[in-house]
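Student: Got a structure here, written out as structure tokens. Questions coming.
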Amino acid sequence: MRAERARQNRFYAIATGGVIAGLLALTFTVWLFRPATLDPATLCPASRHIAGHTVVIVDRTDLWTPAMGQALTDIVENAQRSTQRYQKFSIVSLDADQSVHPMFSVCNPGPPDFWSDLYRGRRFTQRDFEERFVGAADRVVEQVSAPSQAPSSPIVEYVHRWLGSDDFNATIPNRRLILVSDMRQNSRLYSIYAARGDGLAPVVEREFGPSARGVTFDVYFVAHGRDHNVSETDVRTAWDRAFTELGATYTWRQIS
110 MRAERARQNR
120 FYAIATGGVI
130 AGLLALTFTV
140 WLFRPATLDP
150 ATLCPASRHI
160 AGHTVVIVDR
170 TDLWTPAMGQ
180 ALTDIVENAQ
190 RSTQRYQKFS
200 IVSLDADQSV
210 HPMFSVCNPG
220 PPDFWSDLYR
230 GRRFTQRDFE
240 ERFVGAADRV
250 VEQVSAPSQA
260 PSSPIVEYVH
270 RWLGSDDFNA
280 TIPNRRLILV
290 SDMRQNSRLY
300 SIYAARGDGL
310 APVVEREFGP
320 SARGVTFDVY
330 FVAHGRDHNV
340 SETDVRTAWD
350 RAFTELGATY
360 TWRQIS
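Residue 110 is where the sequence shown starts when you use the numbering used here, and the numbers rise one by one after that.
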């Protein structure tokens, strides 16, 4: 009798221990996969670093053709679609103001899933993803698609300022910079019109420097065909040399 009672006690103790261990494992799993607490203004993680940053620089120093509006929409949508959860996505306009303040800069909070539903509720997660991340960028694209001009095109200086910014410096992983531009650098620092592309490479290397290490550059070259002083071939050759000597990872796609 006493032995039977001891066996039952051991069984109950083991069962209780199993239940407690299961609860602890479940609690740890829920804690481990919890979504980050998001900053209400940027939707970026408040308690951890952003997982990456994609910056789209739209060069509005020269007028575009009407067809460029649709091309820009496609570029932004594709870039935004490739942005992962907790990575920031920004759109800036290089225009006469030359402000590096982004017109749009929000982290991808991620689409709703089991864990976000558990912690925040599907309605709020869906709203943040569709309205504040995807939808808000669409509205910004409409603004930057509008015609604009500027007396100079300080492309190198503008990129230099972004490479040193707090949320796009060398400590941030997965940095991608997308340039939608005719790439005709024209400023006091350097003018492709005066040098015909010669000497651009050392200027880029000096201005971009170590801050560009690890950045992926995607150039969408606006081939508007209006400027016969410097051919599109000259522009492409000059920038190819500059990116190669910089040791940068880059792609070059022509749009018109």
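By construction, the Cβ of each residue, glycine as well, lies at the ideal position given by its N, Cα and C atoms. Remember, it's a predicted structure, so these values are computed and weren't measured experimentally.
Quick check on Y267: buried or exposed, where buried means 16 or more other Cβ atoms within 10 Å of its Cβ?
Tutor: The residue is buried, with at least 16 neighbouring Cβ atoms inside 10 Å.
Student: For T325, which beta-bridge partners are listed by DSSP?
Tutor: BP columns for T325 point to R285 and T358.
Student: Could you tell me if R270 is buried or exposed, where buried requires 16 or more neighbouring beta carbons within 10 angstroms of its beta carbon?
Tutor: By the 10 Å Cβ count, R270 comes out exposed.
Student: At what residues does the alpha helix (DSSP H) containing H269 begin and finish?
Tutor: It spans I264 to L272 - the alpha helix (DSSP H) in which H269 sits, taken as one unbroken run.
Student: By the three-class DSSP mapping on this structure, what secondary structure does L181 have?
Tutor: Here L181 sits in helix by DSSP.
Student: Classify Q196 as helix, strand or coil using the three-state DSSP reduction.
Tutor: Correct three-state label for Q196: strand.
Student: Report the residue from G178, I166 and I264 whose alpha carbon sits nearest the alpha carbon of F198.
Tutor: Comparing Cα positions, the closest option is I166.
Student: Per DSSP, what kind of secondary structure is V201 in: helix, strand or coil?
Tutor: In this structure, V201 counts as strand in the three-state DSSP scheme.
Student: Within 10 Å of its beta-carbon, does A188 have 16 or more other beta-carbons around it, so buried, or fewer, so exposed?
Tutor: Buried, by the Cβ-count rule.
Student: List the endpoints of the continuous alpha helix (DSSP H) containing F317.
Tutor: L309 to F317 is the extent of the alpha helix (DSSP H) around F317.
Student: In angstroms with no decimal places, state the Cα-to-Cα distance between R350 and P319.
Tutor: Computed Cα separation, rounded: 17 Å.
Student: Less than 8 Å between the CB atoms is what I'm expecting for S254 and N295, so what's the real figure, rounded?
Tutor: Not really, about 22 Å apart at Cβ, beyond 8 Å.
Student: Could you check if D206 is buried or exposed, using at least 16 other CB atoms within 10 Å of its CB as the buried criterion?
Tutor: Flag for D206 reads exposed.
Student: What residues are listed by DSSP as bridge partners for P154?
Tutor: DSSP output for P154 lists L147 as bridge partner(s).
Student: Can the beta-carbon of I287 be found less than 8 Å from the beta-carbon of A246?
Tutor: The answer is no: Cβ separation not under 8 Å.
Student: Just how far apart, CA to CA, sit S365 and A332?
Tutor: Their Cα atoms are separated by approximately 5 Å.
Student: Once you ignore the five residues that flank R305 on each side, which residues in its own chain have a CB closer than 7 Å to its CB?
Tutor: Result list for R305: V339 and D343, in chain order.
Student: Look at the alpha carbon of E354 and the alpha carbon of L272, and state the distance between them as a whole number of angstroms.
Tutor: For E354 and L272, the distance between alpha carbons rounds to 18 Å.
Student: Using only the alpha-carbon positions, how far apart do P149 and I281 sit?
Tutor: Taking the straight line from one Cα to the other gives about 21 Å.
Student: What is the rounded straight-line gap between the Cα of G323 and the Cα of G244?
Tutor: Using only the alpha carbons, I get a separation of about 30 Å.
Student: Among all the DSSP beta bridges, which residues are the ones paired with S300?
Tutor: Answer is N295.
Student: From A347 to R194, what distance separates their C-alpha atoms?
Tutor: In a straight line, the C-alpha of A347 is about 36 Å away from that of R194.
Student: Consult DSSP for G161 and reduce its assignment to one of helix, strand or coil.
Tutor: Strand, per DSSP.
Student: Whose C-alpha, out of A321, P175, Y299 and R345, is nearest the C-alpha of A357?
Tutor: The shortest Cα separation from A357 among A321, P175, Y299 and R345 belongs to A321.
Student: In whole angstroms, what is the alpha-carbon distance linking F326 and R285?
Tutor: Computed Cα separation, rounded: 6 Å.
Student: Just verifying my parser: in three-state terms, what is the DSSP assignment at V344?
Tutor: V344: helix per DSSP, three-state reduction.
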